[in-house]
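Student: Residue numbers (our numbering): 715 to 816. In this text, a Cβ means the ideal position worked out from N, Cα and C, and glycines have one as well. What follows is a structure written as structure tokens; I'll ask about it next.
Laid out in structure tokens, this is it:
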């Protein structure tokens with residue numbers, strides 16, 4: 715299998731939980747697995763930049779190491795819908811960037 719893309723139309727509907735369960739299942743089967751969260755809002759500031767807890771959890775569960783910037787290329791601090799957070803901070807998200815990581 716090349717990949718899966720989990721999507722949903724709202725926040726807090728279980729996209730990340732499903733992704734984490736799939737990562738766990740595929741790792742248990744011996745598959746090479748990386749989880750991606752291309753767009754995340756509600757990120758926290760760290761000495762190395764904005765970080766999202768869900769993206770960090772997926773990175774820990776995966777058995778393929780990727781740089782954080784690949785796992786989560788669009789990270790926003792405001793804990794609001796990502797497209798609104800992007801507009802608030804003046805970032806125009808490029809679908810090619812997202813497609814490039816998936």
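Counting beta carbon pairs with one atom in the region 747-761 and one in the region 793-810, are three or more of them shorter than 8 Å?
Tutor: The count of Cβ pairs closer than 8 Å, one atom from the region 793-810 and one from the region 747-761, reaches three, so the stretches are in contact.
Student: What whole-angstrom Cβ distance do residue 815 and residue 784 have, given they're in contact under 8 Å?
Tutor: Translated into positions along the chain shown, residue 815 becomes position 101. Translated into positions along the chain shown, residue 784 becomes position 70. Contact flag correct, Cβ pair sits at about 5 Å.
Student: Give the range of the beta strand (DSSP E) segment to which residue 814 is assigned.
Tutor: Sequence index remark: in the chain shown, residue 814 carries index 100 (1-based). Not the beta strand (DSSP E): residue 814 falls in the alpha helix (DSSP H), residues 809-815.
Student: Whose C-beta lies closer than 8 Å to the C-beta of residue 719 among residues of the same chain, with five residues either side of it excluded?
Tutor: Residue mapping note: residue 719 aligns to position 5 of the chain shown, counting from 1. Hits under 8 Å: 816.
Student: DSSP on residue 737, reduced to helix/strand/coil?
Tutor: By 1-based counting over the chain shown, the position of residue 737 is 23. Here residue 737 sits in helix by DSSP.
Student: Between residue 869 and residue 766, is the Cβ-Cβ spacing less than 8 Å?
Tutor: Not covered by the structure: residue 869. The range shown for the chain is 715 to 816.
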